[in-house]
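Just below is one structure, and these are the notes that go with it.
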Amino acid sequence: MASIEKLPAEEAQLEWNTPLFRTALAQFEQAIPYAEINESIIARLSSPERAVMVAVPIRRDAGNVDVFPAYRVQHSSVLGPTKGGIRYDPHVTLGECAALAVWMTWKCALLRLPYGGAKGGIRCNPRALSPGELQRLTRRYTAELMGVIGPQEDIPAPDMATNEQTMAWMMDTYSMQVGHAVPEIVTGKPIALGGSLFRREATGAGVVMVIERACRRLGWTLADQRCVVQGFGNVGGIAAQELSSKGALVVGISDVSGGIHAPDGLDLEAARNWIAAHGSLEDFPAEHVTNAELLELPCDILVLAALEDQLTGENAPRIDTRLIAEGANGPTSIEADAILAERGIPVLPDVLTNAGGVTVSYFEWVQDLGRLFWTRDEIRARLAEKLGDAFDRVWALADAKGISLRQAALVAGINEVAAALKARGIYP
Ligand code: GLU
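Per our numbering: the sequence shown = residues 20 to 447.
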């Protein structure tokens with residue numbers, strides 16, 4: 020029987036062997052001793068079930084044709100259709116998509132959503148593409164994935180540099196191929212197409228729901244905390260706004276151009292207006308810091324809502340915070356995790372903390388399938404209930420087993436998948 024211990028890493032993981040996939044696998048290995056799992060299930064969950072690579076050609080505005088590498092990786096379909104975002108980024112690789120698909124499996128299982136994990140993306144620089152080029156790229160990519168995605172097979176959603184418009188193009192392309200409207204093929208759609216109220220805010224708002232619950236457990240008052248938020252997009256921007264609306268002081272934020280800092284609190288509305296007018300925080304009238312400096316600013320809560328691999332063995336010893344919340348996927352390396360644990364700084368892990376997005380995606384899919392739509396308040400309340408329940412289970416497991424919150428979150432997710440795999444057995 021194959022297991023990750025028995026097969027050399029290069030042999031078992033040849034195709035996905037990238038730093039991010041190794042991180043995902045190392046986290047899995049750290050959770051295994053505490054999970055109810057056997058060797059064959061370990062082997063099954065150590066590799067994605069399916070990965071698709073396509074070369075996507077589009078006609079550029081200048082008239083020439085360019086071809087972009089693109090991927091869709093489905094990690095586990097044991098609990099239901101696979102689910103996960105599509106990202107447009109110059110660093111997208113098969114290994115990155117595979118790692119992110121693994122995390123989606125644990126995330127969906129932890130939240131008890133009837134899904135497995137997937138992730139896809141196109142390796143491109145979205146900032147260098149016109150809206151017309153982005154539309155042609157999205158439509159051709161969707162056409163290449165016919166037969167791979169589907170409302171009962173694999174349901175895409177937005178991720179880095181993709182949004183409601185991207186999902187509308189995907190939905191339209193898929194629907195035109197099958198001959199009728201299929202809103203349930205993607206989530207994170209415009210409301211006009213069967214999108215869910217509160218989906219856009221869900222990830223950022225969910226991050227703050229988890230932080231709030233953690234503060235209560237730690238005996239802190241959220242309104243007394245000074246926060247730094249890395250990333251000011253759909254996750255970080257909303258998280259910063261929610262933190263501030265709950266009375267917390269946001270002393271640092273950042274976007275692609277770098278960070279800004281104000282120990283007495285930043286004017287978030289002015290920052291938002293500046294970005295709307297100028298495209299980024301560059302030249303915003305405030306003290307500017309680099310991205311690396313932002314992460315080391317003194318604060319009580321550090322929210323990582325930008326990219327993967329931000330806290331590493333190099334900077335973790337200097338992080339000056341009391342609590343870390345992972346709004347992005349994979350922002351903390353294995354080395355940083357160990358250093359932060361030693362320093363007694365709890366990390367609210369990605370698979371729990373940013374699960375608000377996929378949870379409201381699930382609500383959207385359920386509403387689309389039933390052709391019946393819920394109110395914003397109903398969705399917000401259902402999200403708070405789901406995240407609160409997952410948080411309490413993770414906290415209790417971490418306490419009971421004396422493990423980190425990340426290990427506990429993964430163990431909780433892995434146990435759900437392993438139990439289903441065991442019950443289903445191997446086909447044929
Ligand atoms: N891309 C988001 C994530 O990483 C959302 C996925 C979804 O809604 O399916 O969780």
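Glycine included, every Cβ here is placed at the ideal spot set by N, Cα and C.
Looking at the strands, I want to know which residues DSSP matches up with residue i.
| i | result |
| --- | --- |
| residue 102 | 136, 174 |
| residue 322 | 248, 344 |
| residue 279 | 272, 307 |
| residue 351 | 330 |
| residue 408 | DSSP output for residue 408 lists no bridge partner at all. |
| residue 168 | 165 |
| residue 89 | 73, 141 |
| residue 367 | 344 |
| residue 291 | Paired residues: none, contrary to the question. |
| residue 84 | 78 |
With a 10 Å radius around its C-beta and 16 neighbouring C-beta atoms as the bar for buried, classify residue i as buried or exposed.
| i | result |
| --- | --- |
| residue 18 | In the structure as shown, the chain begins at 20 and stops at 447. Residue 18 is therefore absent and cannot be evaluated. |
| residue 391 | exposed |
| residue 220 | buried |
| residue 210 | exposed |
| residue 373 | buried |
| residue 126 | buried |
| residue 240 | exposed |
| residue 242 | exposed |
| residue 141 | buried |
| residue 111 | buried |
| residue 171 | exposed |
| residue 18 | Since the first residue shown for the chain is 20 and the last is 447, residue 18 is missing from the structure and cannot be characterised. |
| residue 333 | exposed |
| residue 76 | exposed |
| residue 467 | Nothing can be reported for residue 467, as the shown portion of the chain is limited to 20 through 447. |
| residue 447 | exposed |
| residue 70 | buried |
| residue 415 | exposed |
| residue 394 | exposed |
| residue 430 | buried |
| residue 445 | exposed |
| residue 150 | exposed |
| residue 179 | buried |
| residue 213 | buried |
Report the three-state DSSP secondary structure of residue i (helix, strand or coil).
| i | result |
| --- | --- |
| residue 329 | coil |
| residue 26 | Low per-residue confidence applies at residue 26: pLDDT is 48, beneath 50, and the placement is therefore not dependable enough to give any value. |
| residue 391 | coil |
| residue 53 | helix |
| residue 446 | coil |
| residue 19 | The structure shown has nothing for residue 19, since the chain only spans 20 to 447. |
| residue 21 | A caution first: residue 21 carries a pLDDT of 41, below 50, which makes its placement in the model unreliable, though a value can still be read off. It is coil, neither helix nor strand. |
| residue 209 | coil |
| residue 386 | helix |
| residue 216 | coil |
| residue 17 | Nothing about residue 17 can be reported from this structure: the residues present for the chain run from 20 to 447 only. |
| residue 191 | helix |
| residue 239 | coil |
| residue 94 | coil |
| residue 181 | coil |
| residue 66 | coil |
| residue 253 | coil |
| residue 434 | helix |
| residue 59 | helix |
Give me the residue from the options with the minimum Cα distance to residue i.
| i | options | result |
| --- | --- | --- |
| residue 115 | 37, 124, 197, 369 | 37 |
| residue 191 | 159, 243, 306, 132 | 159 |
| residue 118 | 369, 383, 222 | 369 |
| residue 132 | 400, 425, 385 | 385 |
| residue 327 | 436, 76, 39, 65 | 39 |
| residue 231 | 76, 135, 72, 322 | 322 |
| residue 120 | 183, 85, 43 | 43 |
| residue 378 | 266, 60, 224 | 224 |
| residue 189 | 317, 57, 175, 289 | 175 |
| residue 407 | 130, 103, 33 | 130 |
| residue 72 | 53, 93, 85, 83 | 93 |
| residue 102 | 204, 445, 435 | 204 |
| residue 181 | 124, 34, 253 | 253 |
| residue 308 | 278, 74, 318, 134 | 278 |
| residue 294 | 264, 262, 312, 274 | 274 |
| residue 106 | 79, 83, 137 | 137 |
| residue 423 | 441, 399, 360 | 360 |
| residue 245 | 255, 381, 427, 285 | 285 |
| residue 304 | 99, 291, 442 | 291 |
| residue 417 | 444, 366, 443 | 366 |
| residue 226 | 218, 104, 258 | 258 |
| residue 247 | 97, 338, 67, 61 | 338 |
So residue i and residue j are in contact, right, with Cβ under 8 Å, and what is the actual spacing, rounded?
| i | j | result |
| --- | --- | --- |
| residue 320 | residue 340 | 7 Å |
| residue 300 | residue 249 | Going by Cβ atoms, the distance from residue 300 to residue 249 rounds to 12 Å, so no, they are not a contact pair. |
| residue 271 | residue 318 | 7 Å |
| residue 269 | residue 276 | Their Cβ separation, rounded to whole angstroms, is 18 Å, which puts residue 269 and residue 276 out of contact at 8 Å. |
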